[in-house]
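Comments concern the structure below.
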Amino acid sequence: MRQMSKLVGYARVSTNEQDLQLQLDALIKIGCHKDTIFTDKISGTKAERPGLEKCLEKLQNGDTLIVWRLDRLGRSMHHLVLLIESLRQKGISFKSICDGAIDTTTASGELIFNIFSSLAQFERRLIQERTKAGLEAARSRGKNGGRKKIEDTTPKVLMAKKMHKSHGMSINDICKTLKISRASCYRKNIMVKVAVVISGCGHLDGAEIFETVFTLLELDKHQTEVKIFAPNIEQQKVVNHLTQEKMDEKRNVLVESARIARGQIQNLSELQVQNFDAIILPGGFGAALNLSDLAINNEKAKVITDLKKIIIQFHQATKPIGAICITPALLALALKEHVNITITLGNKNDLIQKLSATEATCLADKIVVDEKNKLVTTPAFMLNASLSQIHVGISLLVAKVINMCSKT
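In UniProt numbering, the protein residues as written are 1 to 408.
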């Protein structure tokens, strides 16, 4: 049964002189129950407001958020509008007691809010234009605007890199300890940067979705900066994943891969090895169909040109490579003329020997590490294993790849 809609109140004071009780009385009078009123006693400009966070978690579709006055919710009109708009999209109404016209439960209040929203956008554009004009004027006079740059060789940057790569500290903890911004961590390459290459969407004709998601999840846990790539080519075949029958249609690998990447993906040809610390290849039949012709030509197969070049360049730069499921075979194909590597496809497999690589057997929740060549492989769905076992194997692979980055 659907819960009845409710009135949820939020109150905030920023100084000891301000009276919180005044706001509480007003919220109770309008119909808020004392158990559904949340409070903060900090400045509205502070990012952390635990009371507001709890309030937003409590709100559900059909509820109404009520504040005593607009500035109790936030002092920036732009952020205020964004917050109220996000509530509206979730089916949550908003009302300000003192600013009676702001009441999105009524048609007239909705109109007033839309006007406020337009004014906030206009104000923000004006500020941006003035800031841009001011910076350009300063540059014309030989002055550089903005924050003072943090150089790559400053003690803070060097310490941050050591704290993250060698000691495994989180970016948030590093920022708090050294008093630097998260943006600085991105700009100064403090975060490990990993390229992930996928081959479509769906294990029968593209990337294995579970393997890809587990990889991205573990990379996110390690607070790495991730970019996803796929070749902009036609799929070799399209398979109905319900019936497992071949379909008479054409699909693009990059377009299909964008489904998993939520659109945040680039053409494989744009991958520049110098911009990354490591690369990881999830599996799926797409690796043997779209990233190579392994499914057709076995040991005589070839890796597509862009990926072969990228694998060789990562290896020559002594940067770690992680390969999951069938993709270790692609490493052997790409590197067989350069070096002998040790990889796994799980159980014994004649293919590895035919590719002039050294074979290692491995369970789904384990990894095989070729320290000399900085390769980490795990069999995943090459074996009949559970999701939890495969997840463990991929988590170990990601952790080892990131650990290797600190030694490059």
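Just so you know, even glycine gets a beta-carbon here, dropped at the ideal spot from N, CA and C.
Item, Value
"Any idea what DSSP makes of T45, helix, strand or coil?", "Legend: pLDDT at T45 = 49, less than 50; position of this residue unreliable, value from coordinates given subsequently. Three-state result, T45: coil."
"Alpha carbon to alpha carbon, what distance is there between A329 and G378?", "A small fix is needed here, since residue 378 is Thr in this sequence, not Gly. The straight-line gap from Cα to Cα measures roughly 12 Å."
"Find out if the Cβ-Cβ distance for the pair V197, I280 is shorter than 9 Å.", "yes"
"In the DSSP assignment, what are the bridge partners of K95?", "I66 and D103"
"Starting from G51, trace the alpha helix (DSSP H) in both directions and tell me its first and last residue.", "P50 to K58"
"Nearest-angstrom Cα distance between D392 and R69?", "Note that residue 392 is Val in the sequence shown here, rather than Asp. About 50 Å."
"K300 by DSSP, collapsed to three states: which one?", "helix"
"Can you tell me which of K308, V369 and Q21 puts its alpha carbon nearest to the alpha carbon of I341?", "V369"
"Closer than 8 Å by C-beta to V253: which residues in its own chain qualify, once you throw out the five before and the five after it? Chain order, please.", "S199, G200, G206, A230, P231, N232, I233, E234, Q235, G286 and N290"
"Are the beta-carbon atoms of Q313 and V339 separated by less than 9 Å?", "no"
"Extract the residue ranges of the beta strand (DSSP E) inside the segment 195-259, only unbroken runs of 3 or more that lie entirely within it.", "225-230"
"Give me, in chain order, the residues of the same chain whose beta-carbon lies closer than 6 Å to that of V376; leave out the 5 immediate sequence neighbours on both sides.", "G322, I367, V369, L397, K400 and V401"
"Span of the alpha helix (DSSP H) holding G9?", "Careful: G9 lies outside any alpha helix (DSSP H), inside the beta strand (DSSP E) at L7 to R12."
"L355: buried (16+ other C-beta within 10 angstroms of its C-beta) or exposed?", "buried"
"Kindly list the residues whose CB is nearer than 8 Å to the CB of L351, restricted to its own chain and excluding five residues on each side of it in sequence; keep chain order.", "N298, E299, A329 and L345"
"Round the Cβ separation of N347 and T327 to the nearest angstrom and send it over; I've been treating them as touching at under 8 Å.", "In fact, because the Cβ distance is near 16 Å, the residues do not count as touching under 8 Å."
"Whole angstroms are fine: how far does the CA of K227 sit from the CA of R141?", "39 Å"
"For the alpha helix (DSSP H) that contains F314, what are its first and last residues?", "T305 to Q316"
"On a CA-only basis, which of K250, R251 and T318 is nearest D277? Give me that one, please.", "T318"
"Straight-line CA distance for G134 to K156?", "30 Å"
"Alpha helix (DSSP H) containing T327: first to last residue?", "T327 to L335"
"Name the one or two DSSP bridge partners that N267 has.", "A230"
"Going along the chain, which residues of its own chain have a beta-carbon closer than 6 Å to the beta-carbon of D365, five neighbours each way excluded?", "Q389, V392 and G393"
"By Cβ distance, which residues of its chain are closer than 8 Å to K250, with the 5 residues on each side in sequence left out?", "E234, Q235 and V238"
"Give me the residue from M247, G202 and T305 with the minimum Cα distance to S269.", "T305"
"Measuring straight from C-alpha to C-alpha, what distance separates E225 and L20?", "43 Å"
"Keeping to the same chain, check which residues put their C-beta closer than 7 Å to that of D293; ignore five residues upstream and five downstream.", "A301 and K302"
"Could you tell me the distance, in whole angstroms, from the CA atom of G91 to the CA atom of I343?", "52 Å"
"Can you tell me where the alpha helix (DSSP H) holding G393 begins and where it ends?", "L387 to C405"
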